[in-house]
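Worksheet: the structure to be examined is printed underneath.
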Amino acid sequence: MKKIFTILSLIMTITLLYSQDSIKIHSSLITKDTKFGLALSGGGAKGFAHIGILKMLDSLKIKVDYITGTSMGGILGGLYGMGYSGNELKKMVYSTDWKRVLSNKIPYNKVNISEKDEYNKYIMEFPVIDGLPTLPGSYIEGQYMSEVLNTLTFPAKHINDFSKLRIPVELTSSDIINGGLVMQKKGSLALAIRSTLAIPAAFAPVYIDGKLLVDGGLDRNFPVQEVKDMGANYIIGGYTGFRLFTKKEIENPMKMIYQTHAFHSVQDYNQQKKMSDILVDFVTPLNKYTTKDFKNYKEIIKIGEQEAKKHLPEFIALANEQHKLGIIYDHQLIEEIKKPTVKFTYSEDNGTPINNTAEIETINNLMGLKKGVYYDAKTVNEAIDRVFGMRHYEKVYYTYTDSDDGLIMNIFVKRVNPAAFKLALHYDNEQSVGIIVNYTYRNLEKRFRALATLDISEHFKGRLQFQKFLGNTSHWWISAEGNTSQLKSNDFILRLINSDDDNVSLSDNYIYRNINFNTAINYTINPNAMISSGIEYNIEKINHSVDKIGQFITGNFDNKVYQHNDFNLFLKFNQNSLNEKYYPTSGNNLQIISKYYFGNKYNLYDLENTQPSLYQYLNPSERYYSASKNMISLIVNENYVFPIFKKLSVKANVFLGTHFSFTPQVENQTPYLFLNQKFYLGGSEYNFNGNNPEFNGFRQKEAPINSLAKLGIDFQYNIYKKFYLTPSFHYGMGSYYLTPFKESINIFSYGLNLGYQSVLGPININVSKNDVINLWRVYFSIGFKF
């Protein structure tokens, strides 16, 4: 009986609500000529809740005649106006990489290979204006966001009048220069959506028709009046916007600032909601969420669906009225008209036409699109990515204009500031803590990039680099680079030999200094592959790490140990399609490097008397060495990463380093190689230069070997958000001969790395061991590397 009574009570309640809502609907005088409007507010991530209303409209087959929207309400409203269903929009939200949308970063494999060396290496970047670093105009330019919007709106690219969509749409935006509300009614739907969500200082503003536009929520966050002006006389509203904080809450200074902005919006909402016939107010249910909680999209959508269901009787009553009057619900995605692209236009971000024919030719060559051909969204986005991947522009996007013959594709670019100042921090327990500062200058007209980078630390490093493209094809370019570094040497052979000498009071610590200069001509085969040929001059030095007091005690004021200079001619091939620079989950990085060494000169600084064992090790004239005057080295280093499951990826590394000598090798003598010609094993972090392969159980560059063959397997598991756990296994065959397959030493190792992708750069804690140095090694590092 109790269950029956409960069911009857529920039926009576629903009936009463249904009756009340019927009275409300009938009082609105719905006729066959009534026009129904939908107004969706802004609210950032909270706006995902509007999907609950859209799903309700679809499930009950309620017809909507006009739509207005702001910010997230503008995105969902604009796409719903195209004909996407509520369920389709829900799937879109689920499948979108919101972390990437809300960043200025693009996948590593979309960065041109000429720019990969400098991409994603710094914590902060400041444009330099009038010689001084300044704050950027906005945090997010929204390159990927534009790509997502262009893809979703691609079926409607030929429609430049939003009244001709499945449901006429108008989107709010605000003129940030002159002030006032601007309703987007025509043009590019993707660009109009992009303008309505341009939150000042967070997202870059958008130029449309000469006006600089930002988020329409500054003037009207809930555009009910605007949907009435379109012709609607029955209005469904969804509000996810501002609320006023309590006296206790505004003790927080940030909430106090927020409150000053919220006053106008809340007051305007109180007026707009009076014109709504069905209003779903999501503010209280979403009270614990903020506009930036995009990671909580699942919970927000669920709350939106629950709140929409609370208004089910009102929606049912409206649906019944529409169906009685024969008002037909016919909601389906607009059909794409596959027209060819008959013309290209090129403009700056503010709409000013580009007059530089060389720049236009360069953009056109990078895109690789031709007139008279139909292109799908994927092809067009890839073409835009090739332009953006050169990093000459902060933003590259496109719109379409319809014409009788076909479509006109309008390409817009926002040039990067010519000069930028960049900063990064780093620390590891094998070297030192340091601050990396960088100054980069670009000249787009002359197509060159110049940079200077310093690592201000106990172990100083510096780099000067210049690169210039030849012609307008973006294939041929020349480069010149100078590097200097001084690092604490981890070379365990130096330490072992030093302990054999009587003069051990000089300390077993060494500083390895290296200076090299190189110049090359390079050819970009495709955005992820290049070949280089050039010449390099190298100077390497070893000094004792002895302070002034130590020099006085030993009576030795000359801490020089070794110096070697040489030249090499090099030929390099690099193919890099990794999807991320750190913790990649797919792609590969293949390096093939060949060097011809010549012009060797060296000095051992009287080691024969002070440290005879070290002298014998470093002296190429010793009787047990077979020295080569000229020699060729070959390196093949392939790192292939492939996903197994969503959270598990496997990295396979194959490394081969070998030499070929023009001097006949004497039997029973070991080939002599100078230090910079050896391969140094060690370290747990991926080494991008290709010469010194990582190997478990060794410190960075700890184990010198003349030749090496190595196989490594890493299993990278994304345990939680940005945390990665990676067990690894390495096997190597090393030899003091020129080939690793002659009298080789077998090495096996294993390790475990815990990594975290932080705003400061990758953080790694690694423990590892090998069977040569039978000790557990612990390595810790934080930050971007030099």
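Read the sequence shown against the UniProt record's numbering and you will find it ends at 786, with the numbers running on by one and no gaps. The beta carbon of each residue, even a glycine, is placed where N, CA and C say it ideally should be.
Validate contact between the segment 601-608 and the segment 631-639 using beta carbons, cut 8 Å, 3 pairs: Result no; under three Cβ-Cβ pairs closer than 8 Å.
Using CA coordinates, which residue listed in Y737, Y640, P205, E147 is at the minimum distance from E580? Start at 1 with the first residue of the sequence shown, and residue 580 comes out as number 580. Measuring from the Cα of E580, the nearest candidate turns out to be Y640.
Please report how far the alpha carbon of S457 lies from the alpha carbon of S432, in whole angstroms. Within the sequence shown, numbered from 1, the residue matching residue 457 stands at position 457. Within the sequence shown, numbered from 1, the residue matching residue 432 stands at position 432. S457 and S432 have their C-alpha atoms spaced approximately 7 Å apart.
Let me make sure I understand the geometry here. Which of W476, I62, F655 has the alpha-carbon closest to that of E321? Walking along the sequence shown from the start, residue 321 turns up at place 321. For E321, the nearest C-alpha among the options comes from I62.
Just the Cα atoms here: how many angstroms apart are T68 and E170? To locate residue 68, count along the sequence shown from 1; it is residue 68. To locate residue 170, count along the sequence shown from 1; it is residue 170. Near 5 Å, if we compare the C-alpha coordinates of E170 and T68.
With three or more C-beta pairs closer than 8 Å as the rule, is the segment 745-761 touching the segment 658-667? Here the segment 658-667 does not lie against the segment 745-761, with fewer than 3 beta-carbon pairs under 8 Å apart.
Is the closest heavy atom of the ligand FMN to the C-beta of Y523 under 7 Å? The ligand content of the structure shown is nil, which means the ligand FMN is not present either.
Endpoints, the beta strand (DSSP E) within which I435 is located: On the sequence shown, position 435 is the one that residue 435 refers to. Element bounds for I435: 434-443.
Enumerated in chain order, which unbroken segments of the beta strand (DSSP E) with a length of 3 residues or greater are wholly contained in the segment 485-539? If we require 3 residues or more, the beta strand (DSSP E) runs fully inside the segment 485-539 come out as 510-526.
For A202 versus Y289, is the C-beta distance shorter than 8 Å? For the purposes of this step, residue 202 is taken as residue 202 along the sequence shown, with counting starting at 1. For the purposes of this step, residue 289 is taken as residue 289 along the sequence shown, with counting starting at 1. No, the Cβ-Cβ distance between A202 and Y289 is not below 8 Å.
Can you give, in chain order, each stretch of the alpha helix (DSSP H) that sits fully within the segment 690-777 and has at least 4 residues? Counting whole runs of 4 or more residues, the segment 690-777 contains no alpha helix (DSSP H) stretch at all.
Hey, how far is the Cα of F460 from the Cα of S485? Residue 460 sits at position 460 when you count from the first residue of the sequence shown. Residue 485 sits at position 485 when you count from the first residue of the sequence shown. Using only the alpha carbons, I get a separation of about 6 Å.
So which of Q677, L444, L149 has the shortest CA-CA distance to E394? Within the sequence shown, numbered from 1, the residue matching residue 394 stands at position 394. Each of Q677, L444, L149 was checked against the Cα of E394, and the nearest Cα belongs to L444.
Would you say L79 and G238 are within 8 Å of each other, going by their C-beta atoms? Position 79 of the sequence shown, counted from the first residue, corresponds to residue 79. Position 238 of the sequence shown, counted from the first residue, corresponds to residue 238. No, they are not a contact pair.
Tell me where the alpha helix (DSSP H) around P313 begins and ends. Residue mapping note: residue 313 aligns to position 313 of the sequence shown, counting from 1. Following the DSSP letters along the chain, one finds P313 inside the alpha helix (DSSP H) bounded by residues 312-324.
If you follow the beta strand (DSSP E) that A424 is part of, which residue opens it and which one closes it? Locating residue 424 in the sequence shown gives position 424, where the first residue counts as 1. Where A424 is concerned, the enclosing beta strand (DSSP E) stretches over 419-428.
What does DSSP give as the partner residue(s) for E361 in the beta ladder? By 1-based counting over the sequence shown, the position of residue 361 is 361. In the DSSP output, where bridge partners are listed per residue, E361 has none listed.
CB of D215 within 8 Å of CB of A45, strictly: Taking the sequence shown and counting its residues from 1, one reaches residue 215 at position 215. Taking the sequence shown and counting its residues from 1, one reaches residue 45 at position 45. Result no, Cβ atoms of D215 and A45 do not sit closer than 8 Å.
Between the C-alpha atoms of L152 and E299, what's the straight-line distance to the nearest angstrom? Counting from 1 along the sequence shown, the entry for residue 152 is found at position 152. Counting from 1 along the sequence shown, the entry for residue 299 is found at position 299. Each residue's alpha carbon lies about 23 Å from the other.
Taking 8 Å as the threshold (C-beta atoms), are T345 and H50 in contact? In the sequence shown, residue 50 corresponds to position 50, counting from 1. In the sequence shown, residue 345 corresponds to position 345, counting from 1. Taking C-beta atoms as the reference points, H50 and T345 fail to come closer than 8 Å.
Distance between L213 and N178 (C-alpha atoms, nearest Å): Within the sequence shown, numbered from 1, the residue matching residue 178 stands at position 178. Within the sequence shown, numbered from 1, the residue matching residue 213 stands at position 213. Taking the straight line from one Cα to the other gives about 10 Å.
From what residue to what residue does the alpha helix (DSSP H) around N150 run? Counting from 1 along the sequence shown, the entry for residue 150 is found at position 150. Unbroken alpha helix (DSSP H) run through N150: 143-152.
Given that a residue counts as buried once 16 or more other Cβ atoms are within 10 Å of its Cβ, and exposed if not, what is I411? The residue labelled residue 411 in the question sits at position 411 within the sequence shown. Label assigned to I411: buried.
Would a check of beta-carbon distances place L634 closer than 8 Å to chain C? Protein chain content of the structure displayed is limited to a single chain, and chain C is not contained in it.
Taking the C-alpha atoms as reference points, what is the distance between L754 and N766? Here residue 754 is taken as the residue at index 754 of the sequence shown, counted from 1. Here residue 766 is taken as the residue at index 766 of the sequence shown, counted from 1. Cα to Cα, L754 sits roughly 6 Å from N766.
What residues in its chain sit with their C-beta under 6 Å from that of P643, if we drop five residues either side in the sequence? Within the sequence shown, residue 643 is the residue found at index 643, counting from 1. Cβ-Cβ distances below 6 Å link P643 to T585, S586, S649 in the same chain, with the five nearest sequence neighbours on each side left out; the list follows chain order.
Through-space distance from Y624 to T670, alpha-carbon basis: Numbered from its first residue, the sequence shown carries residue 670 at position 670. Numbered from its first residue, the sequence shown carries residue 624 at position 624. The alpha-carbon atoms of T670 and Y624 are separated by roughly 6 Å.
Among the residues of its own chain, which have a CB less than 7 Å from the CB of residue 797, if the five just before and after it don't count? The shown model of the chain, from 1 to 786, leaves out residue 797, and the question about it has no answer.
Under 8 Å between C-beta atoms of N381 and N150: Here residue 381 corresponds to residue number 381 of the sequence shown, with the count starting at 1. Here residue 150 corresponds to residue number 150 of the sequence shown, with the count starting at 1. Yes, these two residues count as a Cβ contact at 8 Å.
Do I705 and K678 count as a contact pair if the criterion is CB distance below 8 Å? For this step, residue 678 is matched to residue 678 along the sequence shown. For this step, residue 705 is matched to residue 705 along the sequence shown. The answer is yes: Cβ separation under 8 Å.
Express the C-alpha separation of R777 and S621 in angstroms, rounding to a whole number. Counting from one through the sequence shown, the residue named residue 621 turns up at place 621. Counting from one through the sequence shown, the residue named residue 777 turns up at place 777. In this structure, the alpha-carbon of S621 lies about 36 Å from that of R777.
Paired residues, beta bridge with E348 - DSSP: Numbered from 1 along the sequence shown, position 348 holds the residue referred to as residue 348. DSSP, once it has assigned bridges, lists V413 as partnering E348.
Y297 to F48 span [Cα, whole Å]: Within the sequence shown, numbered from 1, the residue matching residue 297 stands at position 297. Within the sequence shown, numbered from 1, the residue matching residue 48 stands at position 48. Approximately 7 Å, taken between the alpha carbons.
Local conformation of H158 per DSSP, three classes: For the purposes of this step, residue 158 is identified with residue 158 of the sequence shown, where counting begins at 1. In this structure, H158 counts as coil in the three-state DSSP scheme.
In the DSSP assignment, find the alpha helix (DSSP H) that holds G86 and state where it starts and stops. In the sequence shown, counting from the first residue as 1, residue 86 sits at position 86. Counting along the chain, the alpha helix (DSSP H) containing G86 begins and ends at 86-95.
Out of R166, Y375, G471, point me to the one whose CA is closest to E361's CA. By one-based count along the sequence shown, residue 361 stands at place 361. Between E361 and the set R166, Y375, G471, the nearest pair of CA atoms involves G471.
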